[in-house]
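Single-structure report; data block below.
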Amino acid sequence: MVHPKEKNNKGKYKWSRNLTTSLFPILYEKNWSALLTIIVIITTIFGNILVILAVSLEKKLHNATNYFLMSLAITDMLLGFLVMPISMLTILYEYRWPLPRNLCALWIYLDVLFSTASIMHLCAISLDRYIAIQNPIHHSRFNSRTKALGKIALVWMVSIGISMPIPIFGFHDDSKVFKNGSCALVDEKFVLIGSFVAFFIPLTIMVITYFLTIKSLQKEATLCMNDLDSKAKFGSFRFFPQSSLSLKKHFIHSLNKESGTFRRRKMQSISNEQKASKVLGIVFFLFVVMWCPFFITNVMVAFCKEVCDKDVIEDLLNIFVWIGYLSSAVNPLIYTLFSKTYRSAFVRYIQCHYQEKKKPLQLFLMDTIPTVVYNSHQLTQMKSFRKESKLMAKDYSTGTSEIRDLEETLKSKVSNMNEKVSYL
Numbered sequence: 046m047v048h049p050k051e052k053n054n055k056g057k058y059k060w061s062r063n064l065t066t067s068l069f070p071i072l073y074e075k076n077w078s079a080l081l082t083i084i085v086i087i088t089t090i091f092g093n094i095l096v097i098l099a100v101s102l103e104k105k106l107h108n109a110t111n112y113f114l115m116s117l118a119i120t121d122m123l124l125g126f127l128v129m130p131i132s133m134l135t136i137l138y139e140y141r142w143p144l145p146r147n148l149c150a151l152w153i154y155l156d157v158l159f160s161t162a163s164i165m166h167l168c169a170i171s172l173d174r175y176i177a178i179q180n181p182i183h184h185s186r187f188n189s190r191t192k193a194l195g196k197i198a199l200v201w202m203v204s205i206g207i208s209m210p211i212p213i214f215g216f217h218d219d220s221k222v223f224k225n226g227s228c229a230l231v232d233e234k235f236v237l238i239g240s241f242v243a244f245f246i247p248l249t250i251m252v253i254t255y256f257l258t259i260k261s262l263q264k265e266a267t268l269c270m271n272d273l274d275s276k277a278k279f280g281s282f283r284f285f286p287q288s289s290l291s292l293k294k295h296f297i298h299s300l301n302k303e304s305g306t307f308r309r310r311k312m313q314s315i316s317n318e319q320k321a322s323k324v325l326g327i328v329f330f331l332f333v334v335m336w337c338p339f340f341i342t343n344v345m346v347a348f349c350k351e352v353c354d355k356d357v358i359e360d361l362l363n364i365f366v367w368i369g370y371l372s373s374a375v376n377p378l379i380y381t382l383f384s385k386t387y388r389s390a391f392v393r394y395i396q397c398h399y400q401e402k403k404k405p406l407q408l409f410l411m412d413t414i415p416t417v418v419y420n421s422h423q424l425t426q427m428k429s430f431r432k433e434s435k436l437m438a439k440d441y442s443t444g445t446s447e448i449r450d451l452e453e454t455l456k457s458k459v460s461n462m463n464e465k466v467s468y469l
């Protein structure tokens with residue numbers, strides 16, 4: 046037997062559930078889709094905030110490429126804040142526009158703006174790195190923080206210019222962005238032209254410059270190895286008479302040491318560039334893979350008007366656009382996996398530690414200094430060694446520094462050294 050109050054409560058529960066179901070029927074049908082989209086939104090916003098903090102606070106990340114990545118993270122974060130939630134809302138309402146009609150053009154404008162800005166940032170990164178490798182002296186003059194911010198501003202201006210026709214035409218005639226209660230671009234010519242200008246053309250530039258950059262790095266690494274090996278062999282030739290054997294050994298040792306240090310630094314620089322290219326290559330690849338299906342389907346809509354099933358095309362576009370959104374959430378994960386600096390910074394930020402812990406200064410105290418006693422023969426050897434060291438430092442310091450730059454300069458210096466040695 047059911048208690049009257051319980052029966053009354055059950056009746057109220059059924060009534061409230063029926064009311065909720067009648068008002069928001071989609072919440073019961075699309076709850077898994079909504080859950081997945083919420084996860085994507087939270088991951089996008091949170092991950093890109095970490096990237097922005099890392100580039101802002103970590104001095105190791107203060108360079109042109111990372112400034113571009115920070116601007117890209119701002120783009121992705123704004124996409125997660127302003128575009129994705131409304132897109133999720135349209136899913137819950139079976140892709141019917143639930144907001145005031147005059148906001149439709151603004152939402153599409155922001156969607157196109159941030160998507161275009163993402164591909165433009167990646168294109169600019171690829172182009173900037175290629176120019177830096179091809180002409181490093183010229184690029185170094187224009188690689189300050191101010192110049193990098195200027196390039197980023199240019200990227201945003203181009204993105205705004207490409208997407209600006211949407212609000213202009215949309216506010217003037219909302220039939221271009223609104224059809225059958227759904228908010229979407231209707232003008233096929235605009236969709237076709239926009240897809241090429243905002244995606245396919247920047248994509249082509251990005252891919253070509255990226256592979257040219259990889260090819261240039263490989264060529265530079267090979268030339269560097271061959272050049273430095275030849276310099277090391279050149280330094281082992283005999284330029285001194287046999288009477289100055291100790292001076293020659295010192296000169297060859299210094300030359301090999303300088304050559305080895307320069308070679309290590311140069312190869313380390315090339316290795317760092319190759320590692321950065323690898324990470325950026327993964328970012329480029331995933332962006333292309335995730336956005337290509339949407340833009341290819343967009344182009345298909347313009348070409349196969351009556352042949353293609355419109356319902357199938359619309360369903361594919363609704364799926365592919367969220368796969369494209371997912372690329373905005375993936376980038377911080379790539380930085381975490383492949384960059385130690387980003388990874389350590391993210392871990393500290395999650396723990397609310399925004400400054401890197403400095404290692405304590407270690408002091409080594411010596412209580413006593415042992416007394417060393419030399420005999421007269423050892424003192425005589427030490428004096429002669431000091432004189433010889435002074436002569437070597439005076440006569441060969443110039444020669445060892447010039448070897449790093451030009452082999453011809455090295456030959457002229459060595460000939461002068463031989464005259465001095467023969468005089469001694």
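If you're matching positions, the sequence shown starts at 46 in the numbering used here and goes up one per residue.
Glycine is no exception: its CB is placed at the ideal position from the N, C-alpha and C atoms.
The structure displayed is predicted, hence computed values, not measured ones.
Query	Result
Close-in-space but distant-in-sequence residues of the same chain around residue 367 (CB under 8 Å, 5 per side omitted)	82, 85 and 132
Distance between beta carbons of residue 99 and residue 193, contact taken as under 8 Å	At roughly 16 Å, the Cβ-Cβ gap does not stay under 8 Å, so residue 193 and residue 99 are not in contact.
Exposed unless 16 or more other CB atoms sit within 10 angstroms - verdict on residue 189	exposed
Three-pair Cβ contact test at 8 Å for the region 370 to 382 versus the region 323 to 338	yes
Sufficient close CB pairs (3 or more, under 8 Å) joining the region 164 to 172 to the region 243 to 257	yes
Proximity winner among 343, 153 and 355, relative to residue 214 (alpha-carbon distances)	153
Inter-residue Cα distance where the pair is residue 106 and residue 115	10 Å
Between the CA atoms of residue 351 and residue 198 - distance to the nearest angstrom	42 Å
Minimum length 4: unbroken alpha helix (DSSP H) runs contained in the region 112 to 140	129 to 137
Three-state class that DSSP yields for residue 227 in the structure shown	strand
With 16 other Cβ atoms within 10 Å as the buried cut-off, status of residue 209	exposed
Alpha-carbon to alpha-carbon, residue 327 and residue 268	27 Å
CB of residue 91 within 8 Å of CB of residue 120, strictly	no
Unbroken stretches of the alpha helix (DSSP H), 4 residues or longer, contained in the region 161 to 249	181 to 186, 190 to 208, 210 to 217 and 233 to 240
6 Å CB neighbourhood of residue 341 in its chain, flanking five on each side removed	none
C-alpha distance - residue 136 paired with residue 241, whole-angstrom precision	27 Å
DSSP three-state assignment for residue 77, whether helix, strand or coil	helix
Rounded separation between residue 499 and residue 394 - CA only	The chain is shown only over 46 to 469; residue 499 falls outside these bounds and no answer can be derived.
Extent of the continuous alpha helix (DSSP H) run through residue 376	355 to 383
Three-state secondary structure (DSSP) of residue 157	helix
Buried versus exposed, by CB contacts within 10 Å (16 or more), residue 143	exposed
Proximity of residue 146 and residue 223 at Cβ, strictly below 8 Å	yes
Helix, strand or coil at residue 338 [DSSP, three-state]	helix
Integer Cβ distance of residue 207 from residue 161, believed to fall under 8 Å	5 Å
Beta-carbon gap between residue 261 and residue 179 smaller than 8 Å	yes
Residue 348 versus residue 227: straight-line alpha-carbon distance, rounded	22 Å
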